[in-house]
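Working notes, structure below.
Chains as they are written, first to last, in this note's numbering: chain A, 1172 to 1829; chain E, 41 to 193; chain C, 5 to 184.
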């Protein structure tokens, strides 16, 4: 019964979304305020409908209603409650439902905060969001309904894929989707600007907090994804340039470029058509990611079970949404003219180069991801484009980008006094050089070119950010007044740049000093790695709620003292008859020790894979800092204040006009 | 069929309970230089079974067999190119994670430079146009008056 | 003009994807097509053949495959896809259209006997590739895989995954071409 209710709620949501799309548009044509205001009510109703649908599916999972095909495929009587709830988005159909839930959540948020926006602009934004929703409801209802019944009803479910039974997965998709879907708001603002013809500093100021919020969730989502892959896939990797990872990384790069170009558009009124294009691009790349992951055109680690009809549908959706947006862009963007000079040696000039590197990076990732597909489609054979390619083309783009970070934050808007800026940068440059040369030596006892370069860049990015904050605080006579006078946007920007630096240091150290070893150990035998002694103490049976495991016991010692006891497992999930390895990790601020269990042999010995991962946590710490920085920047007082002011002046204008 | 294959994709991080027979073989010893060569080469090679893992990372039985073969080749003094030739002869160019520079991969390898060049050219031309358009355009008096009148009405 | 560029790029990408959707990225063409079958020297497994049949030699090499077209089927008793294709292989064997040589990949002989006893034996001869080395030389990356060899012992076709009637429709003309 609940399934039918859910299905019905979803159809209802489609109807409401259609109204949300159409009615404000008509209102815009007729200049009818009541029709314009309809979008907000529709957004609320739509959210309510999806929420009901989502709750129905969750209820079906919790109550193990195997009469639903989707539940039967991804649930199991012995699956713990927590994973029964997260299993809702464990496969294609349910994850789409989560997607639309988040999309309508964003729409409601826009409708609430947009009360302070000019009516027409707000209405157009909601209309565009409604149109996107319609596409996704049709996708679910026509090709991927999670509410399809199954007959005869199986007595047992097929179970959630074991590698998805991990807290990392519980966090990764919802947060990632918050980011993906969040870019639809920036997209909607861009389309509204193209339709309405209004694109000025105020437009950029409205769009910025939405973009930053979406970006910060995408950042966190990618960070969780990387962390999950590291602990769950069992080979200690944190990034593999897999198509699925690239699918999330491309919109991130475009979104990062967008945040920076929005700053230029807001402060200087420049780059208008470029900013609009980036806003379209960021969301288009999110949609492209959806297509790549769900259509099966590329080989990937965690592609959804896919079929070509779904692929074709998403392709059509991209054609309509992105094609429509870009056609509108081709038609209207030439009218977005800007006045004002651009000096390349100014903050806006440097931000322009920031955009060059970020967009090129996104382009390179796109090229590498799609190239095998291009060759295959042209009948030129199958090739692989993998980490060695991406590493070698990506690094030359990211290095100048990080160098720019330090420079751009110091150089003022409009026109730089180069000598003065360079003088100011002496301190962070010296610090970067000193730390870069000594830190790897201090923690590892040896150093490499990559480690020095990476640490240097990291300290440079973080150091210039700290210096910028210091300067702002010091500009007031009293440090307390100084602290409070620094706007949240500045805290946020600098915190995100510190995050970038921390990330760079982590990457450099783990790639330079990470070590691994494949060993076969009999109980009592030991192996050495990175100055640690790993003693294999034997293996025993262990059991979890829905699996049995063979659990190895490994004692890690350094210079005679015990560092950690690790219990890597090989788990057998009887429901699917699959075995997965569950690595054991000893985390630390300056490095992880990581052990995964391989095969057991008749003589009682086991093959083990040992890893030493120095500074690996810094990679995710960097991501978290960027997330926090985004949060601070998005909540800056200025956006709230500006909105209130604009609202007041708009009201005043309306009063005069009346 | 396509559907069935696609559902297998996730299976690569796991292994099915299988009765595949493994012949126990002692690992082939390598000297320090060969070991370094082996370590550096493996991440460049793609596993055929778990197509999104390198031979270094994959837990698939075929990957273990291939690792054994590659150790054997290196122990006999094979160069990186020899090992790659050995694999490509059997499985095709697909095994190489770093595509070779050939006519069909020309755009792949030159693309990043072309892209960066085009972007920089775009920025410079934009800056030049901006410098020329620095002065605000002459005000259209008529249009301004019309706007003002409209507002007053 | 430059404002229309993004639209042009999108249209090109969409066309690409539409073509890409028709293809399976995991199927790899074999570089061995058109080349002589790789060398091997494998023990045969003695199986209860039809009454009066000549028992196969104890070992076979690639040279023994020449003379007439032959299907070389890599399979194993532990492989699920092999069970899927098995009924069709039985049908093919009954029709007598082509000689079927099975190469049992990384499999225990006792398991194989039990499996063939249960499902039937379509093979003219079964060779045992216990170490998997022959599989590597033939570029096998997931059983079942089937190679079509012409009378000269050259590989003319490779089927990855279960041998289906549709695949057989494509293979048959190749065999006729090579026999003449």
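Don't be surprised by glycine CBs; every beta carbon is placed ideally from N, CA and C.
Check your understanding: Can you name the start and end residues of the beta strand (DSSP E) that residue 105 of chain C belongs to?
Key -> For residue 105 of chain C, the enclosing beta strand (DSSP E) starts and ends at 103-109.
Review point. Do the stretch 1546-1560 of chain A and the stretch 138-157 of chain E meet, that is, are 3 or more Cβ pairs less than 8 Å apart?
Key: The stretch 1546-1560 of chain A and the stretch 138-157 of chain E touch, with no fewer than 3 CB-CB distances between them shorter than 8 Å.
Point to revise | residue 123 of chain C versus residue 1253 of chain A: straight-line alpha-carbon distance, rounded | key: Residue 123 of chain C and residue 1253 of chain A have their alpha carbons spaced roughly 43 Å apart.
Point to revise | Option nearest residue 1297 of chain A by Cα separation, candidates A/1801, A/1317, A/1210 | key: The shortest Cα separation from residue 1297 of chain A among A/1801, A/1317, A/1210 belongs to A/1210.
Check your understanding: Grouping DSSP H, G and I as helix and E and B as strand, with all else coil, what is residue 79 of chain E?
Key -> Helix, per DSSP.
Check your understanding: Can you name the residues of chain A whose CB is closer than 9 Å to the CB of residue 144 of chain C?
Key -> Ordered by position in chain A, no residue passes the 9 Å Cβ test against residue 144 of chain C, which lies about 17 Å from the chain.
Point to revise | Simplified DSSP assignment, three categories, for residue 168 of chain C | key: DSSP, reduced to helix, strand and coil, places residue 168 of chain C outside both helices and strands of the structure shown, so it counts as coil.
Check your understanding: Cβ of residue 84 of chain C within 8 Å of Cβ of residue 126 of chain C?
Key -> Result no, Cβ atoms of residue 84 of chain C and residue 126 of chain C do not sit closer than 8 Å.
Check your understanding: Does the stretch 68-82 of chain E come within contact of the stretch 90-110 of chain E, defined as at least 3 CB pairs closer than 8 Å?
Key -> They touch, by the three-pair rule.
Exercise for review: Sort out for me which residues DSSP pairs residue 1495 of chain A with in a bridge.
Suggested key: Residue 1495 of chain A is not bridged by DSSP to any residue.
**Study point:** For residue 1263 of chain A and residue 1746 of chain A, believed in contact at Cβ under 8 Å, the rounded distance
**Key:** Rounded, the Cβ-Cβ distance is 20 Å, inconsistent with contact.
Practice item. Run the CB neighbour count on residue 1705 of chain A, radius 10 Å, all protein chains shown included, and call it buried at 16 or more, exposed below. Key: So residue 1705 of chain A ends up on the buried side.
Exercise for review: Establish whether the CB of residue 1553 of chain A and some CB of chain C are separated by less than 8 Å.
Suggested key: Taking a beta-carbon distance threshold of 8 Å, residue 1553 of chain A counts as an interface residue toward chain C.
Review point. What is the DSSP secondary structure of residue 1641 of chain A, reduced to helix, strand or coil?
Key: Here residue 1641 of chain A sits in helix by DSSP.
Practice item. Report yes if the C-beta distance between residue 1459 of chain A and residue 1532 of chain A is below 8 Å; otherwise report no. Key: When the beta-carbon positions are compared, residue 1459 of chain A and residue 1532 of chain A stay at least 8 Å from each other.
Practice item. Please decide whether residue 33 of chain C counts as near chain E, where near means a Cβ-Cβ distance under 8 Å. Key: For residue 33 of chain C, the closest Cβ of chain E is nearer than 8 Å.
Check your understanding: List, in order along the chain, the chain E residues whose C-beta lies closer than 8 Å to that of residue 1413 of chain A?
Key -> What residue 1413 of chain A touches in chain E: 92.
Exercise for review: Taking only the alpha-carbon atoms, compute the straight-line gap between residue 1610 of chain A and residue 1790 of chain A and give it to the nearest angstrom.
Suggested key: Each residue's alpha carbon lies about 16 Å from the other.
Check your understanding: Using a C-beta to C-beta distance shorter than 9 Å, which residues of chain E count as neighbours of residue 1560 of chain A?
Key -> Ordered by position in chain E, the residues that pass the 9 Å Cβ test against residue 1560 of chain A are 137, 138, 139, 148, 149.
Point to revise | CA-to-CA distance, residue 101 of chain E to residue 1569 of chain A, given in whole angstroms | key: C-alpha separation (whole angstroms): 37 Å.
Practice item. Report the residues of the stretch 1740-1754 of chain A with a CB closer than 8 Å to any CB of chain E, ordered along the chain. Key: So the list reads 1743, 1748, 1749, 1750, 1751, 1752, given in the order they occur along the chain.
Review point. Given that residue 84 of chain E touches chain A, what residues does it touch there, using C-beta distances under 9 Å?
Key: Those are 1557, 1558, 1559, listed as they occur along chain A.
Practice item. For residue 1220 of chain A, decide whether its Cβ has a neighbour in chain E, counting only Cβ atoms nearer than 8 Å. Key: Any Cβ of chain E closer than 8 Å to the Cβ of residue 1220 of chain A would place that residue at the interface, and such an atom is absent.
Review point. Rounded C-beta distance between residue 1433 of chain A and residue 1798 of chain A? I'm assuming under 8 Å.
Key: A Cβ-Cβ separation of about 18 Å leaves residue 1433 of chain A out of contact with residue 1798 of chain A under the 8 Å criterion.
Practice item. Verify the CB distance criterion: does residue 1524 of chain A have a CB-CB separation below 8 Å to chain E? Key: With 8 Å as the cut-off, residue 1524 of chain A counts as an interface residue toward chain E.
**Study point:** Residue of A/1393, A/1346, A/1402 minimising C-alpha distance to residue 1754 of chain A
**Key:** Of A/1393, A/1346, A/1402, the smallest CA-CA separation from residue 1754 of chain A is found for A/1402.
Check your understanding: With burial defined as no fewer than 16 other Cβ atoms inside 10 Å of the residue's Cβ, what is the status of residue 142 of chain C: buried or exposed?
Key -> With 16 or more other Cβ atoms within 10 Å, it is buried.
**Study point:** Residue interval of the beta strand (DSSP E) (run including residue 1744 of chain A)
**Key:** For residue 1744 of chain A, the uninterrupted beta strand (DSSP E) segment begins and ends at 1740-1744.
Practice item. Grab me the residues of residue 1452 of chain A's own chain with a C-beta within less than 6 Å of its C-beta, minus the 5 sequence neighbours each way, in chain order. Key: For residue 1452 of chain A, where only same-chain residues beyond five positions count, the Cβ hits under 6 Å are 1425.
Check your understanding: What are the partner residues of residue 1722 of chain A, as DSSP defines its beta bridges?
Key -> In the DSSP assignment, residue 1722 of chain A is bridged to A/1711, A/1740.
Point to revise | Touch test, the stretch 1616-1630 of chain A against the stretch 1675-1683 of chain A, Cβ-Cβ under 8 Å, three pairs minimum | key: Enough Cβ pairs lie closer than 8 Å, so yes.
Exercise for review: Report the partner residues of residue 1780 of chain A according to the DSSP bridge assignment.
Suggested key: Answer is A/1689, A/1767.
Practice item. Verify the CB distance criterion: does residue 24 of chain C have a CB-CB separation below 8 Å to chain A? Key: The Cβ of residue 24 of chain C sits closer than 8 Å to at least one Cβ of chain A.
Review point. Counting only runs that start and end within the stretch 1374-1450 of chain A, where is the alpha helix (DSSP H) found for 4 or more residues in a row?
Key: Taken in chain order, the whole alpha helix (DSSP H) runs of length 4 or more contained in the stretch 1374-1450 of chain A are 1414-1439.
**Study point:** Expected contact under 8 Å - CB spacing of residue 1316 of chain A and residue 1431 of chain A to nearest Å
**Key:** About 41 Å; that fails the 8 Å criterion.
Check your understanding: For residue 1337 of chain A, which of A/1368, A/1310, A/1250 has the nearest alpha-carbon?
Key -> Ranked by Cα distance from residue 1337 of chain A, the first of A/1368, A/1310, A/1250 is A/1250.
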